[in-house]
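Scroll down for the structure; my scribbles are underneath it.
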DNA sequence: ATCTATATTTCGAGG
DNA sequence: CCTCGAAGTATAGAT
């Protein structure tokens with residue numbers, strides 16, 4: 220329906236739309252959205268299902284269970300039509316995080332030489348880790364395909380904008396920094412693991428997420444030492460800084476190239 | 220337009236919609252969205268502006284500057300109408316985080332007795348802190364209005380679902396736990412501050428965010444000791460647990476009541 | 001029902 | 001232009 224209307228929303232916040240001509244869309248599930256003549260994605264205002272429409276002459280009250288209300292006052296109807304679309308077969312996607320995780324699970328050595336998959340979605344008390352890998356003590360690092368790796372070679376923090384944030388073991392007693400370091404110099408441990416967080420775009424939140432997992436896994440004697448690896452198609456600068464500061468490795472993955480590389484060249488020595 | 224169509228999107232990912240009847244919305248800015256008969260908010264597929272439509276018989280190609288493409292193959296047109304809505308006067312909002320921050324800045328004592336505002340959006344190397352406050356050493360805690368406060372009275376961690384995550388000073392050497400404690404017992408320090416994170420709904424991410432600020436501010440001798448206060452209209456349980464474990468205070472704020480309370484009763488002694 | 005993580009997030013502000 | 005954080009985020013999946 221095209222109509223001149225004003226809209227009031229009272230719920231999680233209060234919002235008001237002064238009178239103007241807008242498109243009103245009422246769907247089969249009772250949901251309502253109000254659209255202006257720009258922006259493809261976001262409605263000006265809306266009520267998500269499940270909700271109920273109480274239709275009075277000139278006023279629509281759309282309410283949901285939690286007491287939120289969308290009130291549409293219709294001043295003038297300019298167009299009105301309806302059609303039953305039926306159910307939609309739905310969208311088929313390719314290239315999201317799940318797919319990236321799948322590809323990396325098939326070629327874990329891309330993330331670091333000697334890495335082998337233990338399992339995807341490794342369960343922990345605070346949620347599943349995207350990938351848990353085991354690693355051999357390969358001192359020499361071979362080159363990688365379609366991947367640019369950043370490793371914490373020096374122990375120097377070098378936290379540009381954030382001086383000394385993690386300098387005093389701010390990450391945690393048995394945290395990833397410690398775990399990462401313990402792999403070198405001391406007597407080799409039987410278990411060596413790596414927790415991998417996969418993201419399309421990695422922000423600071425991804426580093427925090429991985430840090431929480433590492434705090435937990437690093438204390439498990441059956442797993443320790445546990446390296447942290449952040450693998451993403453894009454890693455934000457702030458995320459990279461924080462990750463390096465915490466001894467977490469960053470790997471930028473080229474999705475297209477990885478998809479081309481079904482087999483892992485690194486294992487074909 | 221209501222039409223039987225199939226849709227292909229190639230861009231940040233690849234997606235396909237098999238043939239079905241859907242609503243196609245073309246807006247004045249050239250943006251296009253494809254809707255099914257459910258969900259008020261999200262289109263099945265779309266192309267955001269700025270973009271261009273190349274219309275051929277039976278096929279719409281919608282492309283943008285970055286090379287993303289939405290291809291709509293129209294098999295049958297069932298309804299077609301258009302209307303020029305003109306520009307929309309726009310939405311007026313009330314009750315978002317900025318508003319809450321404003322109100323709390325005006326009445327900081329609501330967050331804890333003796334608190335006074337130093338400044339809003341206090342700048343740090345890792346971003347601005349919502350509110351920075353100074354606090355007097357008021358041992359007696361007066362009741363607050365429209366607020367339910369949870370304080371770390373006992374030093375016991377008691378981290379329900381996440382055993383011992385923060386138990387071994389996982390928060391950081393000079394972190395908030397330490398800072399919070401140093402205000403009691405020892406010789407009083409000249410500077411006493413509180414970093415306040417304001418959220419409408421506070422999740423674990425809010426606690427992490429505040430923790431990062433506290434790691435930084437707690438090491439500043441001009442500010443320390445720095446308490447951490449999480450102020451929100453709603454605090455998720457997990458966030459509350461993590462906050463308490465890290466010595467961060469939680470304050471639930473009633474927006475409506477706070478808006479009514481322009482003046483802060485606590486300062487009227 | 002609640003919570004967590006993702007999103008072609010979108011959107012806006014600030015550097 | 002990019003980066004970062006908020007959103008009535010919405011939405012899907014898991015506990």
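Residue numbers (my numbering), protein chains in the order written: chain A, 220 to 488; chain B, 220 to 488.
Note that the Cβ used here is the ideal one computed from N, Cα and C, for glycine as well.
Every value quoted in this text rests on a predicted model; they were computed, and no experiment measured them.
Residues that residue i contacts on chain B, provided the C-beta gap is smaller than 8 Å
i, result
"residue 241(A)", "304 and 307"
"residue 315(A)", "232"
"residue 256(A)", "246, 247, 248, 303, 304, 305, 306 and 307"
Proximal residues of chain A, C-beta to C-beta of residue i below 9 Å
i, result
"residue 260(B)", "250, 252, 260, 261, 262, 265 and 267"
"residue 433(B)", "Going along chain A, no residue has its Cβ under 9 Å from residue 433(B), so there is no contact; the nearest lies around 10 Å."
"residue 455(B)", "Simply none; closest approach about 14 Å."
Residue span of the alpha helix (DSSP H) that contains residue i, given as start and end
i, result
"residue 478(B)", "474-479"
"residue 423(A)", "423-436"
DSSP three-state assignment for residue i, whether helix, strand or coil
i, result
"residue 245(A)", "strand"
"residue 335(A)", "strand"
"residue 226(A)", "strand"
"residue 256(B)", "coil"
"residue 353(B)", "strand"
"residue 306(B)", "coil"
"residue 232(A)", "coil"
"residue 372(A)", "Legend: pLDDT at residue 372(A) = 28, less than 50; position of this residue unreliable, value from coordinates given subsequently. In the structure shown, residue 372(A) sits in coil (DSSP, three-state: anything other than H, G, I, E or B)."
"residue 263(A)", "coil"
"residue 315(A)", "coil"
"residue 489(A)", "Residue 489(A) is absent from the structure shown; chain A starts at 220 and stops at 488."
"residue 441(A)", "coil"
"residue 489(A)", "Outside the displayed span of chain A (220 to 488) sits residue 489(A), for which this structure offers no information."
"residue 344(B)", "coil"
Contact check, residue i vs residue j, beta carbons under 8 Å
i, j, result
"residue 418(B)", "residue 462(B)", "no"
"residue 304(A)", "residue 241(B)", "yes"
"residue 288(A)", "residue 282(A)", "yes"
"residue 336(A)", "residue 324(A)", "yes"
"residue 351(A)", "residue 312(B)", "no"
"residue 239(B)", "residue 295(B)", "no"
"residue 234(A)", "residue 267(B)", "no"
"residue 410(A)", "residue 436(A)", "no"
"residue 263(B)", "residue 310(A)", "yes"
"residue 420(B)", "residue 319(B)", "no"
"residue 460(A)", "residue 413(A)", "no"
"residue 253(B)", "residue 236(B)", "yes"
"residue 429(A)", "residue 329(A)", "no"
"residue 475(A)", "residue 449(A)", "no"
"residue 227(A)", "residue 246(B)", "no"
"residue 298(B)", "residue 300(A)", "yes"
"residue 290(B)", "residue 306(B)", "no"
"residue 427(A)", "residue 434(B)", "no"
Proximal residues of chain A, C-beta to C-beta of residue i below 7 Å
i, result
"residue 312(B)", "232 and 234"
"residue 414(B)", "Going along chain A, no residue has its Cβ under 7 Å from residue 414(B), so there is no contact; the nearest lies around 15 Å."
"residue 221(B)", "302"
"residue 418(B)", "Going along chain A, no residue has its Cβ under 7 Å from residue 418(B), so there is no contact; the nearest lies around 13 Å."
"residue 424(B)", "424"
Residue range of the unbroken beta strand (DSSP E) whose run includes residue i
i, result
"residue 459(B)", "No beta strand (DSSP E) holds residue 459(B); the alpha helix (DSSP H) holding it covers 456-464."
"residue 275(B)", "270-275"
"residue 297(A)", "288-298"
"residue 489(B)", "Nothing about residue 489(B) can be reported from this structure: the residues present for chain B run from 220 to 488 only."
"residue 278(B)", "278-283"
Neighbour list for residue i in chain B, Cβ cutoff strictly below 7 Å
i, result
"residue 427(A)", "427"
"residue 458(A)", "Per Cβ cutoff of 7 Å: no residues; residue 458(A) is ~12 Å from chain B at best."
"residue 237(A)", "308"
Neighbour list for residue i in chain B, Cβ cutoff strictly below 9 Å
i, result
"residue 448(A)", "The premise fails here: residue 448(A) is roughly 20 Å from chain B at the closest Cβ pair, so nothing lies under 9 Å."
"residue 464(A)", "Simply none; closest approach about 11 Å."
"residue 439(A)", "Simply none; closest approach about 12 Å."
"residue 356(A)", "Neighbours of residue 356(A) on chain B: none; closest Cβ ~27 Å, over 9 Å."
Contacts that residue i makes with chain A (C-beta to C-beta distance below 8 Å)
i, result
"residue 349(B)", "Within 8 Å Cβ-Cβ: nothing; residue 349(B) doesn't reach chain A, min ~17 Å."
Taking a Cβ distance cut-off of 7 Å, strictly less, list which residues of the segment 322-338 of chain A are near chain B, in chain order. none
For the segment 276-302 of chain B, which residues have a CB atom closer than 8 Å to at least one CB atom of chain A, in sequence order? 297, 298, 300 and 302
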